[in-house]
Amino acid sequence: MNYSVREITNKETWENFSLNASPNTFLQSWNWGEFNSALGRKIWRLGLFENDKLIGICLLIKYQSRFGNYLYAPRGPILYWKNWKEFDHLFEKIKDIAKKEAAIFVKTDPLLPAEEPIYNEFKERKFVSAETFIQVEDAWLLPLEKTEDELLNDMRKTTRYLIRAEEKQGVKIEQSNKVPDAKKFVGLLYSTATRKGFINHPKEYYIKQFEILGGENEQKIFISKKGSKTQAMAIISFYGEAACYLHGASLPAEKGSSVGYLLQWEAIKEAKRRGCKYYNFWGVVKDKHFYHGHPWYGFSLFKRGFGGFKYSYIRAQDYPLSSKYYIYKATEKARRLLRRVRYGYWED
0 MNYSVREITN
10 KETWENFSLN
20 ASPNTFLQSW
30 NWGEFNSALG
40 RKIWRLGLFE
50 NDKLIGICLL
60 IKYQSRFGNY
70 LYAPRGPILY
80 WKNWKEFDHL
90 FEKIKDIAKK
100 EAAIFVKTDP
110 LLPAEEPIYN
120 EFKERKFVSA
130 ETFIQVEDAW
140 LLPLEKTEDE
150 LLNDMRKTTR
160 YLIRAEEKQG
170 VKIEQSNKVP
180 DAKKFVGLLY
190 STATRKGFIN
200 HPKEYYIKQF
210 EILGGENEQK
220 IFISKKGSKT
230 QAMAIISFYG
240 EAACYLHGAS
250 LPAEKGSSVG
260 YLLQWEAIKE
270 AKRRGCKYYN
280 FWGVVKDKHF
290 YHGHPWYGFS
300 LFKRGFGGFK
310 YSYIRAQDYP
320 LSSKYYIYKA
330 TEKARRLLRR
340 VRYGYWED
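For the sequence shown, numbering that gives the first Met the number 0 assigns the number 0 to the initial residue and increments by one for each residue that follows.
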């Protein structure tokens with residue numbers, strides 16, 4: 000077979016392939032590349048061709064660490080994965096780019112299940128499993144082929160009750176594509192982070208992301224209000240076959256009330272209206288850590304309550320290109336251990 004790898008400069012060519020692939024992801028979309036470019040990162044949009052037919056794509060992004068540059072294909076490449084020779088041809092081009100950019104390693108975490116035969120394929124190609132994950136490894140997915148009534152009936156009884164309770168309390172859900180609302184969201188997110196003790200990206204990260212993806216109707220802000228008071232906000236991504244709950248923030252729930260259930264239900268209904276196959280609640284805690292004492296138990300229980308199933312993706316795979324990679328990996332392991340000591344739990 001005659002394979003070639005070329006950079007794709009035409010948005011329509013890229014999006015036609017991306018949107019018709021299954022599975023697909025906004026993390027390999029044209030606009031995700033635009034967003035990263037706007038942040039000052041160098042990007043490549045690579046196309047794998049068999050003769051003149053496009054059979055795969057890979058958005059590749061250059062990152063910097065204190066140990067050196069590295070290249071990352073978030074949830075990429077997008078291939079049919081029937082023939083690993085296709086990946087090999089594409090990755091030869093990626094390695095060439097990495098060497099020219101003096102990268103110490105290449106990271107990839109494609110949309111593949113966490114199954115031993117797949118890990119073995121990467122291992123045969125001299126990849127090593129990353130010490131930590133960037134994208135979620137365990138996602139909670141809700142299939143959307145059922146009717147709204149059927150989806151409600153499949154929910155946990157408490158979840159269904161709390162959706163209806165919010166409606167009775169006069170909670171209203173608004174949708175917005177306005178940048179000023181994105182700025183309000185970031186303010187609420189930082190307040191939530193301070194209260195719950197987690198770390199955020201810089202504010203500009205969220206605002207720039209929404210300016211680019213929201214401007215193309217690929218993201219919406221959902222706002223939960225009771226009267227004039229904003230209770231909760233969320234940024235939902237809509238791309239291809241999935242809607243994704245990317246970022247959420249809320250005020251503390253008042254006694255005797257709940258926050259966020261109706262917002263999620265309205266986002267699910269919007270995903271159905273757009274023809275999405277799945278609503279992706281994003282990350283949940285691994286089954287072995289799903290117990291009351293774990294800090295991630297609460298939001299994992301919240302997401303599970305809407306029905307659906309857990310899908311486990313392959314751990315990110317790193318391809319070392321320099322001895323500096325092993326210093327980087329050792330540092331990541333040390334940071335992971337320190338977080339374990341500080342917070343009292345493993346992240347994976």
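Backbone N, C-alpha and C define an ideal beta-carbon position, used for all residues, glycine too.
Environment of Q208 [buried if 16+ CB atoms lie within 10 Å]: By one-based count along the sequence shown, residue 208 stands at place 209. Label assigned to Q208: buried.
Just confirm the distance between the C-beta atoms of A248 and T191, as a whole number of angstroms; I'd bet it's less than 8 Å. Taking the first residue of the sequence shown as 1, we reach residue 248 at position 249. Taking the first residue of the sequence shown as 1, we reach residue 191 at position 192. Yes, they are in contact, since the Cβ atoms of A248 and T191 sit about 4 Å apart, within 8 Å.
On the DSSP bridge assignment, give the partners of P112 in chain order. Here the question's residue 112 lines up with position 113 in the sequence shown. In DSSP, P112 forms a bridge with Y312.
Check whether F104 and S321 have beta carbons under 9 Å apart: Residue 104 sits at position 105 when you count from the first residue of the sequence shown. Residue 321 sits at position 322 when you count from the first residue of the sequence shown. A contact, by the Cβ cut-off of 9 Å.
In chain order, what residues of the same chain lie with their CB nearer than 8 Å to the CB of I326, ignoring the 5 residues before and after it? For the purposes of this step, residue 326 is identified with residue 327 of the sequence shown, where counting begins at 1. Same-chain partners within the cutoff: F66.
Tell me which residues share the same chain as G32 and place their Cβ nearer than 7 Å to its Cβ, disregarding the 5 neighbours each side in the sequence. Locating residue 32 in the sequence shown gives position 33, counting from the first residue. Result list for G32: I42, R44, L58, in chain order.
So what's L337 in DSSP terms, helix, strand or just coil? As a working mapping, residue 337 is identified with position 338 in the sequence shown. Residue state, collapsed to three classes: helix.
Would you mind sorting Y290 into buried or exposed? The rule is 16 or more other CB atoms within 10 Å of its CB. Here residue 290 refers to the residue found at position 291 of the sequence shown. Exposed.
Hey, out of K167, R163, M0, whose CA is closest to K52's CA? Within the sequence shown, the letter at position 53 stands for residue 52. Cα-wise, what sits closest to K52 is M0.
For F221, count the other beta carbons within 10 Å of its own beta carbon; 16 or more makes it buried, fewer makes it exposed. Which is it? Sequence index remark: in the sequence shown, residue 221 carries index 222 (1-based). Burial call: buried.
First and last residue of the beta strand (DSSP E) that includes A248? Position 249 of the sequence shown holds residue 248. Where A248 is concerned, the enclosing beta strand (DSSP E) stretches over 241-249.
How would you call H246, buried or exposed, if buried means at least 16 neighbouring beta carbons within 10 angstroms? Counting from 1 along the sequence shown, the entry for residue 246 is found at position 247. Answer is buried; the Cβ neighbour count reaches 16.
9 Å Cβ cutoff met for F298 and V283: Residue numbering aside, residue 298 sits at position 299 when the sequence shown is read from its first letter. Residue numbering aside, residue 283 sits at position 284 when the sequence shown is read from its first letter. Contact flag set, yes.
Taking the beta strand (DSSP E) that S223 belongs to, which residues open and close that run? Stepping through the sequence shown from its first residue, residue 223 is reached at position 224. Where S223 is concerned, the enclosing beta strand (DSSP E) stretches over 218-225.
Which one or two residues does DSSP pair with D348 in a beta bridge? Absent from the structure is residue 348, since the part of the chain shown begins at 0 and ends at 347.
Just curious, the alpha helix (DSSP H) that N26 is in, first and last residue? For the purposes of this step, residue 26 is taken as residue 27 along the sequence shown, with counting starting at 1. Strictly speaking, residue 26 in this sequence is Leu, with Asn absent from that position. Taken as a continuous stretch (DSSP letters only), L26 belongs to no alpha helix (DSSP H), as it is neither H nor E.
For a minimum of 4 consecutive residues, which ranges assigned as the alpha helix (DSSP H) are wholly contained in the segment 134-194? 147-153, 156-167
Per-residue DSSP class, three states only, for E215: As a position in the sequence shown, residue 215 is number 216, starting the count at 1. The answer is coil: DSSP assigns E215 none of H, G, I, E or B.
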